[in-house]
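In the numbering used here, the protein residues as written are 21 to 727.
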């Protein structure tokens, strides 16, 4: 065959990247979006005759085949059956300009592009190079098409964001560095696809399915956790993280993804829900799927999917682990935007994906994509895992007292409603947007809401008494009664109570609380009160007991009494080194029987940390930043580290050792940043110390172009 000599291939990087919205990627590689034309220019050393036939071959994956849509062969000016085509544009002598067009349903990933020239009976060919093809939310024929430009800028192009955490009554915004355009991140995202179980089992079929966002997002949801496939992040929820990093200390995905990649795919220790969601958001945005992070407050983890969460406590208010069900203060997952050809257009739009390893879905720890429309309508039978997500936002919460003689009594407690204040970051700003209405009809027993709930119970085969009629298991069916006594509602006691926090507690200070008890009827009574405070994780799982008190209170007719008590710093300091959440419970018993449970979650506030940028921020120009913080404790602290990060501001995370700080002493640290990207940038600062949990802060900078 005749050697085709090409002096130079110009991939028109600047022009193509601007047209394809890929200029932000820190990579020299050609990166295009599918369903859209790109241009290349060839300098040929061989002279080309007028009648010569030009054929292009684009191929991806380990064994490209036309039948699998992983190889496309197309000639000039003829649209191939695959949807790929090429046209020649006018050019200067010795050059050839081509426009190449990929179909809107092409497989995404790294491609090789070859050119063949047939002249008479001689064929010569040359490899032109490689390019990466991504999903295209700007293309109306792509399944991930998003019509609104402001939304595309947020859900594809924004490389920083806010993840909401805390409590339903104390929602806290936490900054997160997604960094989907930082160096290596796109390569790592493609490597994640290649490390998946489905790729290892059948690479050819796996790659041919990569044209479908349903498939790609489901693979990523399994690969972001380490449970089955040596994925990216290893989860841990027991409060002991000495063999890794405390999940609260991560501030973004870039450090985690690079650690996994550079450490030869060894899972990174440790993550909790917001870490899994932050990492998944980075990977999906980098591949071109519009994605956002969602927080659900009072989130149910319903193991047996009977839409009821049971909590058991003993007579002193201690949580008993008699059930796998739980209610988390909050849970964080993702939503991605694409159409559902498998379900029908009614279910297009936002799809829930959850990479936190809670339950297996068809054999692997993954969850979704589940259509938010399906969840709202109670269509819990639809792919994928919509019943699990439906339960997370809709289950009922039931508390039982378990007596030593095995008797249990349903206890009265103001049901902390499941699925509250479902939140995400607003488009174009850092404020909170409530998206609860995307998940359910207005609450308070509205007809529609109850109707959807009953429809779901019926589909799941749960009788409204809470007993499951049947569970289908492979090859045999067995009938299981999930729960007895469900029909008896808790008897409403003749007293009411409330736990009140006297002031916003700051770490290092004592916590002052008041239990206000009210007698609702006109007789005299004595009440036994058992107070308990435990350090908890955000999953409300107790990790250490802090305090136990018993009091006997006499209440006259319709009398109100306040019982004040405090949790001193010395009592909680050892239990709250890595976290700052306390659960306070009061079990109030009257001689007449009916018991009342009063609960309060306490989150200790951060001492303040201020960030000052000393001068204007201009791209490629150095500017100083000053960070001031205070030791919140009345003791000396040593070994603190100040960490700073932000996409477009730091190539790698910055770490500065902080000198010893005396009791209540303030300290100032100064460092330099040289921004390398323009536009809004999130600068995050985190003071890490073994004596107390992290103190975090962030500030938004607008980096101006160079003059």
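Each residue gets a CB set at the ideal place from its N, CA and C atoms; glycine is no exception.
Computed from a predicted structure; not experimentally measured.
Since residue i sits in a beta bridge, which residues does DSSP pair it with?
{"i": "residue 598", "result": "Looking at the DSSP assignment, residue 598 forms no beta bridge with any residue, so it has no partner."}
{"i": "residue 97", "result": "According to DSSP, which records beta bridges pairwise, residue 97 is partnered with nothing at all."}
{"i": "residue 422", "result": "428"}
{"i": "residue 365", "result": "BP columns for residue 365 are empty, so no partner."}
{"i": "residue 566", "result": "Per DSSP, none; premise fails for residue 566."}
{"i": "residue 193", "result": "184"}
{"i": "residue 444", "result": "453"}
{"i": "residue 681", "result": "657"}
{"i": "residue 166", "result": "Answer is none; residue 166 lacks a bridge partner."}
{"i": "residue 702", "result": "720"}
{"i": "residue 676", "result": "662"}
{"i": "residue 252", "result": "Answer is none; residue 252 lacks a bridge partner."}
{"i": "residue 522", "result": "For residue 522, which the question treats as bridged, DSSP gives no partner whatsoever."}
{"i": "residue 356", "result": "311 and 371"}
{"i": "residue 545", "result": "575"}
{"i": "residue 622", "result": "602"}
{"i": "residue 92", "result": "78"}
Tell me the DSSP secondary structure of residue i in three-state form.
{"i": "residue 76", "result": "strand"}
{"i": "residue 559", "result": "coil"}
{"i": "residue 65", "result": "coil"}
{"i": "residue 473", "result": "helix"}
{"i": "residue 128", "result": "coil"}
{"i": "residue 608", "result": "strand"}
{"i": "residue 49", "result": "coil"}
{"i": "residue 269", "result": "helix"}
{"i": "residue 577", "result": "coil"}
{"i": "residue 246", "result": "coil"}
{"i": "residue 651", "result": "coil"}
{"i": "residue 516", "result": "strand"}
{"i": "residue 43", "result": "coil"}
{"i": "residue 531", "result": "strand"}
{"i": "residue 86", "result": "helix"}
{"i": "residue 2", "result": "The question about residue 2 has no answer, for the chain in this structure spans 21 to 727."}
Using the C-alpha atoms, what's the distance from residue j back to residue i?
{"i": "residue 472", "j": "residue 414", "result": "10 Å"}
{"i": "residue 539", "j": "residue 589", "result": "33 Å"}
{"i": "residue 444", "j": "residue 455", "result": "7 Å"}
{"i": "residue 334", "j": "residue 529", "result": "30 Å"}
{"i": "residue 575", "j": "residue 551", "result": "18 Å"}
{"i": "residue 235", "j": "residue 213", "result": "11 Å"}
{"i": "residue 367", "j": "residue 391", "result": "6 Å"}
{"i": "residue 319", "j": "residue 356", "result": "20 Å"}
{"i": "residue 639", "j": "residue 559", "result": "42 Å"}
{"i": "residue 273", "j": "residue 295", "result": "8 Å"}
{"i": "residue 93", "j": "residue 182", "result": "45 Å"}
{"i": "residue 479", "j": "residue 401", "result": "7 Å"}
{"i": "residue 716", "j": "residue 313", "result": "20 Å"}
{"i": "residue 655", "j": "residue 678", "result": "16 Å"}
{"i": "residue 519", "j": "residue 476", "result": "35 Å"}
{"i": "residue 634", "j": "residue 644", "result": "5 Å"}
{"i": "residue 481", "j": "residue 154", "result": "42 Å"}
{"i": "residue 373", "j": "residue 430", "result": "34 Å"}
{"i": "residue 47", "j": "residue 204", "result": "8 Å"}
{"i": "residue 725", "j": "residue 669", "result": "14 Å"}
{"i": "residue 364", "j": "residue 85", "result": "30 Å"}
{"i": "residue 25", "j": "residue 72", "result": "15 Å"}
{"i": "residue 103", "j": "residue 562", "result": "57 Å"}
Looking at the secondary structure, which residues open and close the alpha helix (DSSP H) in which residue i lies?
{"i": "residue 259", "result": "Element bounds for residue 259: n/a, residue is neither H nor E."}
{"i": "residue 219", "result": "217 to 221"}
{"i": "residue 410", "result": "406 to 414"}
{"i": "residue 591", "result": "589 to 592"}
{"i": "residue 172", "result": "169 to 172"}
{"i": "residue 275", "result": "273 to 282"}
{"i": "residue 243", "result": "233 to 243"}
{"i": "residue 397", "result": "392 to 397"}
Considering just the uninterrupted stretch of the beta strand (DSSP E) at residue i, what are its terminal residues?
{"i": "residue 33", "result": "Unbroken run through residue 33 is the alpha helix (DSSP H), 33 to 39; no beta strand (DSSP E)."}
{"i": "residue 149", "result": "142 to 154"}
{"i": "residue 712", "result": "Unbroken run through residue 712: none, as it is neither H nor E."}
{"i": "residue 686", "result": "686 to 693"}
{"i": "residue 626", "result": "Counting along the chain, residue 626 falls outside any beta strand (DSSP E), and DSSP gives it neither H nor E."}
{"i": "residue 176", "result": "It is not in any beta strand (DSSP E) - residue 176 carries neither H nor E in the DSSP assignment."}
{"i": "residue 117", "result": "115 to 121"}
{"i": "residue 29", "result": "26 to 30"}
{"i": "residue 105", "result": "105 to 109"}
Restricting to runs no shorter than 3 residues, where is the beta strand (DSSP E) found entirely within the segment 287 to 354? Every beta strand (DSSP E) stretch that sits fully inside the segment 287 to 354 and reaches 3 residues is listed by chain position as 288 to 291, 311 to 321 and 328 to 333.
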